[in-house]
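Residue numbers (our numbering): 1204 to 1435.
Beta carbons are placed, not taken as given, at the ideal position from N, Cα and C, and that holds for glycine.
Note that this is a predicted model, so its numbers are computed, not measured.
First up is the structure itself, then whatever we jot down about it.
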Ligand SMILES: Nc1ncnc2c1ncn2[C@@H]1O[C@H](COP(=O)(O)OP(=O)(O)O)[C@@H](O)[C@H]1O
Ligand SMILES: [Mg+2]
């Protein structure tokens, strides 16, 4: 059964749609990239999937129980980059969604340390988050998101502002996580990387949109036009 299905969904703010007629499904272990022009509604759609915004119309269904197993890496803002906490504290805060009491349990601390090791940031676990490079900060936030996720990981432009080598490392990491069984939904403006890495692509635009396997995207009218725009 699909983890997430959207049928003819419109998303937007205060009754005004920014993207309409969105239909797609995400199955376990899929790697979906969401692409589209700036301002086309990609972040708005992701926030709607997370339940932070209601869909304006249409039907969005998450498989039962999945809501509590979604990790989210938001689009970065300068304020978040300046967060005055240690790496370990930032990662541990990802366990908050699972917690009940006021203190972190031993199991939550173990989970944070496991994800710190998984992302190869053990050596900087006691460093202050705001003193790290952009690539290190993204690893920390990915480890944080993994504390919340064991089913689905939602990433909004995780490589924005990173240099090409660090970007590639980030994509490799995300690919490894997908190989290990995690379902990925990632927003990116890097169409080439989306086609190389993802199993499926959703192009959000004024209708008609594209949804299907990555292989077919470059040949589709929307995909070929968008690729030409990206690589003139
Ligand atoms: N909180 C908000 N209230 C009203 N409109 C918003 C809000 N956030 C974004 N928008 C508008 O919604 C549109 C889609 O934005 P967004 O989903 O962030 O696009 P994308 O992520 O594809 O660049 C834009 O026109 C943007 O100005
Ligand atoms: Mg966005």
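When the Cα atoms are used, residue 1328 and residue 1378 turn out to be separated by approximately 23 Å. Taking all protein chains shown into account, residue 1359 has 16 or more neighbouring C-beta atoms within 10 Å of its C-beta and is therefore buried. For residue 1367, the enclosing alpha helix (DSSP H) stretches over residues 1367 to 1382. Residues whose Cβ lies closer than 7 Å to any heavy atom of ligand 2, listed in chain order: 1245, 1246, 1278, 1359, 1360, 1390. Straight-line spacing of the CA atoms in residue 1425 and residue 1348 works out to 32 Å. Judged by DSSP secondary structure, residue 1247 falls within the alpha helix (DSSP H) whose first and last residues are 1245 to 1252. Taking a contact to require three or more Cβ pairs closer than 8 Å, the region 1231 to 1238 and the region 1399 to 1416 qualify as touching.
If you look at residue 1415, you'll find it in the beta strand (DSSP E) that goes 1413 to 1416. Residue 1393 holds the alpha-carbon nearest to the alpha-carbon of residue 1434 among 1403, 1401, 1393, 1414. Taking the CA atoms as reference points, residue 1223 sits about 4 Å from residue 1213.
Counting only the Cα atoms, residue 1245 lies some 19 Å from residue 1428. Measuring C-alpha to C-alpha distances from residue 1228 to each of 1324, 1430, 1422, 1416 identifies 1416 as the nearest. Remark: the C-beta of residue 1280 is outside contact range of ligand 1, defined as less than 7 Å to any heavy atom.
Within the DSSP secondary-structure output, residue 1358 pairs in a beta bridge with 1276, 1389.
Here residue 1229 is bridged, per DSSP, to 1207.
Distance from the CA of residue 1403 to the CA of residue 1420, rounded to the nearest whole angstrom, comes to 9 Å. Shortest gap from the CB of residue 1434 to any heavy atom of ligand 1: 7 Å or more. Placement of the Cβ of residue 1243 at a distance of less than 7 Å from at least one heavy atom of ligand 1 is found.
DSSP places residue 1220 in the strand class (E or B) of the three-state scheme.
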